[in-house]
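Residue numbers (this note's numbering): 7 to 164. What follows is one structure encoded as structure tokens, with my remarks underneath.
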């Protein structure tokens with residue numbers, strides 16, 4: 007992003023990258039935010055030590071730098087951030103734990119699906135086991151012995 011290699015992102019460099027995003031938005035029929043307004047948002051987001059000059063140190067210090075980069079490079083995520091509840095972003099900044107990444111959310115959802123499938127499978131197996139023995143009376147060993155004795159006696163008398 008530092009096109010002139012001076013270690014600072016100038017407003018001209020930010021405008022250069024935002025122009026590409028504007029072109030993409032215009033082809034999609036979306037009216038882009040004027041650069042001056044976007045610049046105010048970015049400076050409020052990053053809060054650079056020197057006004058009007060964003061350094062790598064500023065970006066590393068900023069807990070919302072992913073939004074900064076999405077604004078310049080990833081139109082889809084930029085539009086997602088623009089459509090979010092503005093108080094949600096402030097809550098993310100105030101929150102000590104970072105917002106889970108897309109990958110973290112995906113992994114958590116897949117884990118929940120896996121657990122649900124395993125639980126359903128176990129439940130079906132338990133029902134199947136219970137169905138196999140449902141309605142059959144369990145016979146004690148003494149009852150079996152009595153029935154065998156009766157069979158033997160009836161065979162001997164016959």
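C-beta: ideal position from N, C-alpha, C; glycine also. Values in this document were obtained by computation on a predicted structure and should not be read as measured data.
Item checked: Stretch-stretch touch, CB-based, cutoff 8 Å, three pairs: the stretch 47-59 with the stretch 104-117 -> no
Notebook entry, point to check: At what residues does the alpha helix (DSSP H) containing residue 53 begin and finish?
Noted result: Taking the first residue of the chain shown as position 1, residue 53 is located at position 47. It is not in any alpha helix (DSSP H) - residue 53 carries neither H nor E in the DSSP assignment.
Item checked: Pick from 48, 13, 41 that is closest to residue 26, judged by C-alpha positions -> The residue you call residue 26 lines up with position 20 of the chain shown. With distances taken between Cα atoms, residue 26 lies closest to 41.
Notebook entry, point to check: By a C-beta neighbour count over all protein chains shown, 10 Å radius and 16 as the cutoff for buried, is residue 46 buried or exposed?
Noted result: For the purposes of this step, residue 46 is taken as residue 40 along the chain shown, with counting starting at 1. It counts as exposed.
Margin query: Which of the three DSSP states is assigned to residue 69 in this structure?
Written below: Counting from 1 along the chain shown, the entry for residue 69 is found at position 63. Correct three-state label for residue 69: coil.
Next item on the list: Determine the direct distance from the alpha carbon of residue 9 to that of residue 38, and round the result to whole angstroms.
Entry: Within the chain shown, numbered from 1, the residue matching residue 38 stands at position 32. Within the chain shown, numbered from 1, the residue matching residue 9 stands at position 3. Computed Cα separation, rounded: 23 Å.
Next item on the list: Please list, in chain order, all residues of the same chain as residue 68 whose beta carbon is under 8 Å from its beta carbon, the five residues on each side excluded.
Entry: Residue mapping note: residue 68 aligns to position 62 of the chain shown, counting from 1. Counting only Cβ-Cβ distances below 8 Å, and skipping sequence neighbours, we find 51, 52, 53, 74.
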